[in-house]
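S.K.: Protein chains in written order, with the working numbering: chain G, 22 to 260; chain H, 128 to 468. Right, I'll just put the structure down here and ask away after.
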């Protein structure tokens, strides 16, 4: 059974082919954001390279957010198109799980942070129990101060991954009272192989959705909606 | 066995319409599905790009499936997948482009990227297969105002374009200023029917020194100035008269430029296209002007004037026949120019 996996939620563009317990191929780039130009050619390259036929593909696993709004939609539309053409389902893998799963087996609290702009990170906390990755929080957008406070309260060793490390490392050093580490480069960012291996697990557990129904999880409303709600609230205050 | 027909599945997501269609041989529309988001954007007074992009990704598979179902086809039955890759809102375009590429890749079909403006022009082939290049084309929409010579299928010479606002943009801005709301085109058109087009004299939307270019920003400012003066003087603004007079100024310049170009280049066939060509005053004005000049006017039905995918399928057919194929690296080009790839 073959699953294709895609991640274009952040700076990296990544495509992978997972066949049962084996990652047949993975192609990851992290140089500039031209996911629209690179993602499908990368997938085309690796499927050709390992010679799979399209009718062997059982599902498309997609890193389903949070992340860059546009990046997420490029990945989602690619997944939806392939799945529709092949009449197969989509497996949605939360991006923060994709990131955390690269640190499989770690006994620290696994803390992926993605730069969410506006002084926030997208984050969730995980730990590993045997073979299982256990989620400790839901996906959320929060300030780095708030996150540091929460981690200090846990009083456990923490390991960070994600593209939020670069902009927030200095701040974390200032705020953190608990022992902590930063994942090395090859484990620090989104990888489609991680998405595909998790996707394979979820697919076997029956967690797949029809291609038409899949939409990315943004965790945030559009700026226009936020501003409109703020205006309505202000009006409400005055009334 | 050779197939007798060329069937193209076309996808269009350049603005606030999620659309898919199956078109046979560039003119026979086997299906034309449009999911419009206008109501949702109305509260913001215009299209919000991020909201438009979110709706596209939610609706796109349903719209494509409906287009194939209505055409009684599967993806395997179509000869190519076509998609609008510009001009338009980049985030919105990217949804259609990524989806179309993935469909074509997975189904093993050729991919044809289509220019949205070229699609508007090709909308005329759907109902008027007798229309053949060369002819004069006028594309007027919310984002575009172009006067062109269509030299051959998919070959264009641009005579004039707007140097600032598109005609449809001027409609939206004026409609907002007189409290009619979004979208401005149909709303002004309706109110103008009750008004006197000669009540107020507005300046012509011309550009000094360039014969066929348009400038709607000056006209829009003249309307806003008129409103300000009236308000300061405490006079009530005759909305219907203002709408009718503004509309006349727009229609007059579009007709004058088009007819002047027809005469200069000796072309007797004129095709109008784009969302604003659904406007009743423009249709009537251009029909009159064309008849007086001895020209034949072609205009699509309103459903093919506003954004749709059938027109993309029509344009794609001629590109496909010319051998145009897009690669898996096709990207959205928000500022794509007519006649450029």
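Where a beta carbon is used, it is the ideal one built from N, C-alpha and C, also for glycine. Nothing here was measured: the structure is a model prediction, and the numbers come from that model.
#1: In three-state terms, what does DSSP make of residue 123 of chain G?
#2: How many Å lie between residue 27 of chain G and residue 415 of chain H at the Cα?
#3: How far does the alpha helix (DSSP H) with residue 273 of chain H in it extend, from its first residue to its last?
#4: Just checking, does the segment 201-219 of chain H make contact with the segment 142-162 of chain H on the three C-beta pairs under 8 Å criterion?
#5: Could you list the residues in the segment 222-252 of chain H with a C-beta less than 9 Å from some C-beta on chain G, going in chain order?
#6: Can you list, in chain order, the residues of its chain with a C-beta nearer than 7 Å to that of residue 120 of chain G? Leave out the 5 residues immediately preceding and following it.
#7: Just the Cα atoms here: how many angstroms apart are residue 186 of chain G and residue 175 of chain G?
#8: Look up residue 133 of chain G in the DSSP assignment and give the residues it is bridged to.
#9: When you compare the segment 92-107 of chain G with the segment 221-237 of chain H, are there three or more beta-carbon pairs, one atom per stretch, that lie closer than 8 Å?
#10: For residue 264 of chain H, write down the residues that DSSP places opposite it in a beta bridge.
#11: With residue 358 of chain H and residue 172 of chain H assumed to form a contact (beta carbons below 8 Å), what rounded beta-carbon distance in angstroms separates them?
#12: Give the residues of chain H in contact with residue 58 of chain G, contact being defined as C-beta atoms less than 7 Å apart.
#13: Where do the N-terminal and C-terminal ends of the alpha helix (DSSP H) with residue 76 of chain G fall, by residue?
#14: Answer with buried or exposed for residue 259 of chain H, where buried requires no fewer than 16 other C-beta atoms within 10 angstroms of its C-beta.
#15: Give the straight-line distance between the Cα atoms of residue 153 of chain H and residue 315 of chain H, rounded to the nearest whole angstrom.
#16: Quick check for students: name the residue ranges of the beta strand (DSSP E) that lie wholly in the segment 149-224 of chain G, counting only runs of 3 or more.
#17: Would you report the Cα separation of residue 417 of chain H and residue 373 of chain H, rounded to the nearest angstrom?
#18: Would you mind sorting residue 164 of chain H into buried or exposed? The rule is 16 or more other CB atoms within 10 Å of its CB.
#19: Can you tell me which of G/168, G/246 and G/178 puts its alpha carbon nearest to the alpha carbon of residue 135 of chain G?
#20: How would you write the range of the beta strand (DSSP E) that residue 147 of chain H sits in, first residue to last?
#21: Can you find at least 3 beta carbon pairs, one from the segment 212-232 of chain G and one from the segment 144-152 of chain G, that sit closer than 8 Å?
#22: Just mark residue 43 of chain G as buried or exposed, buried being the case when its beta carbon has 16 or more other beta carbons within 10 Å.
#23: Output the distance between the C-alpha atoms of residue 242 of chain G and residue 221 of chain G, rounded to the nearest integer angstrom.
#24: Secondary structure at residue 164 of chain H, three-state DSSP: helix, strand or coil?
#25: Output, in sequence order along the chain, the residues in the segment 206-225 of chain G whose CB is closer than 7 Å to any CB in chain H.
#26: How big is the Cα-Cα spacing for residue 266 of chain H and residue 244 of chain H?
#27: Quick check: what's the CA-CA separation for residue 266 of chain G versus residue 163 of chain G?
#28: Please tell me whether residue 65 of chain G has its Cβ less than 7 Å away from any Cβ of chain H.
#29: If you draw a straight line from the C-alpha of residue 352 of chain H to the C-alpha of residue 251 of chain G, how long is it?
#30: Under 8 Å Cβ-Cβ, which residues of chain G neighbour residue 218 of chain H?
#31: Kindly list, in the order they appear in chain G, the residues whose Cβ is closer than 7 Å to that of residue 428 of chain H.
#32: Using only alpha-carbon positions, find the residue among H/448, H/340, H/321 and H/341 that is nearest to residue 206 of chain H.
#33: Would the segment 359-371 of chain H count as touching the segment 391-402 of chain H if we require 3 or more Cβ pairs under 8 Å?
#34: Identify whether residue 49 of chain G lies in helix, strand or coil by the three-state DSSP scheme.
#35: Expressed to the nearest angstrom, what Euclidean distance is found between the alpha-carbon atoms of residue 197 of chain H and residue 157 of chain H?
#36: At what residue ranges does the segment 418-465 of chain H contain a whole run of the alpha helix (DSSP H), taking only runs of 4 or more?
M.R.: Considering the structure as presented:
#1: Three-state result, residue 123 of chain G: coil.
#2: 56 Å
#3: Not the alpha helix (DSSP H): residue 273 of chain H falls in the beta strand (DSSP E), residues 272-279.
#4: yes
#5: 222, 223, 224, 225, 226, 227, 228, 229, 230, 231, 232, 233, 234, 235 and 236
#6: Only 133, 182, 183 and 211 meet the Cβ criterion.
#7: Straight-line Cα distance between these residues: approximately 20 Å.
#8: G/182
#9: yes
#10: H/275 and H/398
#11: About 20 Å separates the two Cβ atoms, so there is no contact after all.
#12: Neighbours of residue 58 of chain G in chain H, taken as residues whose beta carbon is under 7 Å from its own, are 456 and 458 in chain order.
#13: Segment: none, residue 76 of chain G is in no alpha helix (DSSP H) and carries neither H nor E.
#14: exposed
#15: Residue 153 of chain H and residue 315 of chain H: Cα-Cα distance of roughly 33 Å.
#16: 153-156, 161-164, 179-182 and 201-203
#17: Each residue's Cα considered, the two are about 21 Å apart.
#18: buried
#19: G/168
#20: In the DSSP assignment, residue 147 of chain H falls within the beta strand (DSSP E) that extends over 144-151.
#21: At 8 Å Cβ cutoff, the stretches do not touch.
#22: exposed
#23: 30 Å
#24: Note: residue 164 of chain H maps to coil in three-state DSSP.
#25: none
#26: The alpha-carbon atoms of residue 266 of chain H and residue 244 of chain H are separated by roughly 7 Å.
#27: Nothing can be reported for residue 266 of chain G: it is not among the residues displayed for chain G, which extend from 22 to 260.
#28: yes
#29: Cα to Cα, the separation comes out at about 32 Å.
#30: 90, 91 and 94
#31: Residues of chain G passing the Cβ test: none, with the nearest at roughly 29 Å.
#32: H/448
#33: no
#34: strand
#35: 7 Å
#36: 429-432 and 437-448
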